[in-house]
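A.B. asks: Can you keep this structure in mind? I'll have questions shortly.
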Amino acid sequence: MDDFTRILTQSLAELIAPTTAAFALAAIGLNLHFGYTGLLNMGQAGFMLLGAYGFGIATIAGAPFLLALLVAIGAGIVFALILGIPTLKLRGDYLAIVTISAAEIVRWLGRSTVFQEWTGGASGLLGKTYKESFQALSFLPEGRTAIGPLEYINNGSDSWWTRLFAWGLVLLAVLFVWLVTRSPWGRVLKGIREDEDAVRALGKNVYAMKMQALVLGGALGALGGVLYVLPSAITPDAMGRTMTFFTWTVLLLGGAATLFGPVLGSMLFFFVYMALRTGMRTGLGDVLGSTKVEQIGGILVGVTLMLLVIFRPQGILGNKKELAFHGH
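Here the sequence shown is numbered in UniProt numbering, starting from 1 and rising by one per residue.
In structure tokens:
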């Protein structure tokens with residue numbers, strides 16, 4: 001019974017973890033790309049890593065927290081422009097190839113010794129070098145607080161303050177997407193997803209609209225990267241292909257082209273993923289070892305994504321009439 005309680009508590013903790021919020025925010029950005037506009041961005045991890053580097057490097061250079069956040073957003077915007085200008089006039093598959101390659105280039109540049117002075121190379125940047133300005137903003141008293149079975153320090157890396165800020169940012173992003181997708185601009189985006197030639201025939205600049213969607217989603221992805229590194233450190237290898245893969249799983253699980261799909265998908269995905277990993281470690285850890293448990297967890301995520309795409313491409317909250325994979 002104790003094992004079951006421990007597994008449940010760890011899984012509940014994952015529901016509100018800053019990492020879960022980071023993936024929710026990245027998936028909200030990806031939702032603007034894919035769900036609303038039909039852009040196949042396979043390199044969201046690149047936006048997240050650039051956002052994290054922008055924030056970390058700016059903070060270490062002495063920038064206040066809000067300015068460092070703006071630098072992170074700026075990094076995401078520049079990356080979107082570099083990717084979008086040559087590819088958005090092409091059909092969707094080309095963007096997928098370019099984005100997955102570009103995200104890998106960003107990761108390898110982060111790892112390389114060329115920029116080691118700023119990025120820390122393969123070792124990355126230690127959390128203590130860029131977290132102080134964020135922690136200084138906390139209005140919570142010192143000490144620890146327990147809410148139900150979950151207990152954390154009020155201030156610090158793995159704290160209630162980090163969680164409050166992370167989920168507050170996710171709520172703001174949801175509100176932002178709600179406002180823009182209800183606007184005429186948002187309705188044109190959905191039109192581009194369904195039939196861009198028809199939208200072009202109406203006199204709309206499809207290229208400009210796609211670019212705007214790519215920039216906005218990329219900026220949200222960059223902010224997701226900031227949330228991801230606030231409780232930990234900036235390491236390029238932690239923000240690679242697997243991160244994009246998880247972000248897609250989160251989006252498709254919750255439902256693309258839905259407002260709360262990315263948030264629900266992220267919470268459900270990480271709750272189940274943590275329950276599986278902790279359960280396997282408890283039950284099979286002695287037999288398999290922790291490395292194999294992680295590998296089996298990754299395999300199960302892959303199988304889940306395949307089954308989602310085959311049997312329920314619209315996700316939990318999605319509407320099949322509005323969005324299906326064959327529409328792209």
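Where a beta carbon is used, it is the ideal one built from N, C-alpha and C, also for glycine. Everything numeric in this text was worked out from a predicted model, so none of it was measured.
1. Taking the straight line between their C-alpha atoms, what separation do you get for W108 and M239?
2. Leaving out five residues before and five after T291 in sequence, what residues of the same chain have Cβ atoms less than 6 Å from its Cβ?
3. Near V215, which residues of its chain fall below 6 Å by C-beta distance, leaving aside the five closest residues on each side in sequence?
4. Could you tell me if M306 is buried or exposed, where buried requires 16 or more neighbouring beta carbons within 10 angstroms of its beta carbon?
5. What's the C-alpha gap between V71 and F55?
6. Quick one: what does DSSP say E294 is sitting in, helix, strand or coil?
7. Report back the beta-carbon spacing between E14 and M280 to the nearest angstrom; my notes put them in contact at under 8 Å.
8. Hey, quick one: how far does the alpha helix (DSSP H) through E196 stretch, first residue to last?
9. Look at the alpha carbon of L264 and the alpha carbon of G224, and state the distance between them as a whole number of angstroms.
10. Enumerate, from N- to C-terminal direction, the unbroken beta strand (DSSP E) stretches of 3 or more residues contained entirely within the segment 259 to 291.
11. Does the distance from the CB of F65 to the CB of F165 come in under 8 Å?
12. Is the segment 174 to 192 touching the segment 228 to 242, taking contact as three or more C-beta pairs under 8 Å?
13. Throw me the rounded Cβ distance for the N154 and T145 pair, which I believe falls under 8 Å.
14. Taking the alpha carbon of L220 as the reference point, which residue from T119, R200, L171, A63 has its own alpha carbon closest?
15. Starting from residue 352, trace the alpha helix (DSSP H) both ways and give me its first and last residue.
16. Determine the burial state of W185: buried for a count of at least 16 other Cβ atoms within 10 Å of its Cβ, exposed for fewer.
17. List the endpoints of the continuous beta strand (DSSP E) containing Y152.
18. Could you compute how far the alpha carbon of V250 sits from the alpha carbon of L268?
19. Using a Cβ-Cβ cutoff of less than 6 Å, which residues in the same chain neighbour Y94 once the five nearest sequence positions on both sides are dropped?
20. Specify the secondary structure class of I16 as computed by DSSP and reduced to three states.
21. Is the Cβ-Cβ distance between P262 and N41 less than 8 Å?
22. Considering only residues of the same chain and omitting the five flanking positions on each side of L284, which have a CB-CB separation below 8 Å?
23. On a CA-only basis, which of H33, S112, G318 is nearest I192? Give me that one, please.
24. Apart from the five residues on each side of it in sequence, which residues of its chain come closer than 8 Å, Cβ to Cβ, to F325?
25. State the Cα-Cα distance for the pair G35 and A257, rounded to the nearest angstrom.
26. Per DSSP, what kind of secondary structure is I85 in: helix, strand or coil?
27. Rounded C-beta distance between L49 and P236? I'm assuming under 8 Å.
28. When the distance is taken between beta carbons, is A75 closer than 8 Å to A222?
C.D. replies: So, from the data block:
1. 11 Å
2. none
3. I77, A80
4. exposed
5. 6 Å
6. helix
7. Actually they do not touch by this definition, with Cβ atoms about 15 Å apart.
8. 184 to 201
9. 16 Å
10. none
11. no
12. no
13. 6 Å
14. L171
15. Because the chain in this structure spans residues 1 to 328, residue 352 falls outside the shown range and cannot be described.
16. exposed
17. 150 to 153
18. 8 Å
19. T87
20. coil
21. no
22. V293
23. H33
24. Low local confidence applies: a pLDDT of 48 at F325 is under 50, so the model's placement there is unreliable, with the coordinate-based value given in what follows. These residues qualify, in order along the chain: V309, P313.
25. 4 Å
26. helix
27. 6 Å
28. yes
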